[in-house]
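Presented below is the structure to which this report refers.
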């Protein structure tokens, strides 16, 4: 009968070495994820302890813009707790980002070629650098200008301006997210050129479309005021030009090593 033959069939051979290699990769991924989470949680505890001081530092643009003798307020009894928790968590995440990226790098690095390693590590470093620059630009230039602009209209009416710190943090987070994300434009351009998806010439030809897209992105990622949108769109256009220049540098200096060619005029030794 066919039934005994069916049960007597052998299972396909599985290479034990491949199975062990896959399991070892999963174990390594788990270990590195745990290491990243532990550091984030430890930093969260530290940041939560100092969350009041961190919030005061982040609120400096608001304090400087408010009329003398006035202070921000909380309109919700639980607003301070939730706001400080968000501040502590996001600060811990930002502080732990280099460690998290290092763990990701250590996991994927063994599978990369040498020329890929030479490109990937600067890419990670530049990603963190541009994100920090974007957030710093928003903190030192955009937030003070935006709040002075808004509060000046209240002063013209003679009304007193009361600012809820919880709403201030939501506004600040939107600004930080928008600027931190869009300042990664040069990194994205370098990556696309390195992968061969676009060329430097194509990036140049797309300038006029990017100018329009910059204002659309600024309108989506920032709060609905013209000042914040312009202060995001203009740096975005400048960063795009910087990305074009860096893409040319990447093309000239980061090409994959070519196969060694035989010397001209070589003959078969046989």
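Numbering (the numbering used here), first residue to last: 431 to 700. The C-beta atom is built at its ideal place from N, Cα and C for all residues, glycine as well.
Inset, instruction - Go through the segment 532-583 residue by residue and report every complete run of the alpha helix (DSSP H) that reaches 4 residues or more, in order. - result: 544-567
Legend entry - Inter-residue spacing [alpha-carbon to alpha-carbon] between residue 584 and residue 590: 7 Å
Inset, instruction - Count the other C-beta atoms from every protein chain shown that fall within 10 angstroms of the C-beta of residue 620, then say buried if there are 16 or more, exposed otherwise. - result: buried
Inset, instruction - Identify which residue in 471, 670, 483, 613 has its Cα closest to the Cα of residue 558. - result: 613
Legend entry - Assumed close pair residue 495, residue 597 - CB separation to whole angstroms, cut-off 8 Å: Not really, about 14 Å apart at Cβ, beyond 8 Å.
Legend entry - residue 603: first and last residue of the uninterrupted alpha helix (DSSP H) it sits in: 595-612
Legend entry - Terminal residues of the alpha helix (DSSP H) in which residue 504 lies: Careful: residue 504 lies outside any alpha helix (DSSP H) and carries neither H nor E.
Legend entry - residue 482: first and last residue of the uninterrupted alpha helix (DSSP H) it sits in: 481-488
Inset, instruction - Starting from the Cα of residue 566, find the closest Cα among 478, 504, 608 and give me that residue. - result: 608
Legend entry - Proximity below 9 Å, CB of residue 485 to CB of residue 576: no
Legend entry - Per-residue DSSP class, three states only, for residue 628: coil
Legend entry - C-beta contact flag for residue 659 and residue 649 at 9 Å: yes
Inset, instruction - Let me know if residue 599 comes out buried or exposed under the rule of 16 or more other beta-carbons within 10 Å of its beta-carbon. - result: buried
Inset, instruction - Could you check which residue in 544, 477, 535 has the C-alpha nearest to that of residue 513? - result: 477
Legend entry - Buried versus exposed call for residue 627 [16 or more other C-beta atoms within 10 Å across all chains shown]: exposed
Legend entry - residue 636 in three-state terms, based on DSSP: coil
Inset, instruction - Apply the 10 Å Cβ neighbour rule to residue 490 and answer buried if 16 or more other Cβ atoms are within range, or exposed otherwise. - result: exposed
Inset, instruction - State the DSSP-derived secondary structure class of residue 590, mapped to helix, strand or coil. - result: coil
Legend entry - Top-ranked residue by Cα proximity to residue 518, from 527, 508, 474: 474
Legend entry - Pick from 470, 492, 539 that is closest to residue 528, judged by C-alpha positions: 470
Inset, instruction - Would you kindly work out how many angstroms separate the C-alpha atoms of residue 633 and residue 592, rounded to a whole number? - result: 46 Å
Legend entry - Per-residue DSSP class, three states only, for residue 673: helix
Inset, instruction - Please say whether residue 615 and residue 670 have beta carbons closer to each other than 9 Å? - result: yes
Inset, instruction - Return the chain-ordered list of same chain residues with a C-beta closer than 8 Å to the C-beta of residue 536, the five sequence neighbours on each side being excluded. - result: 462
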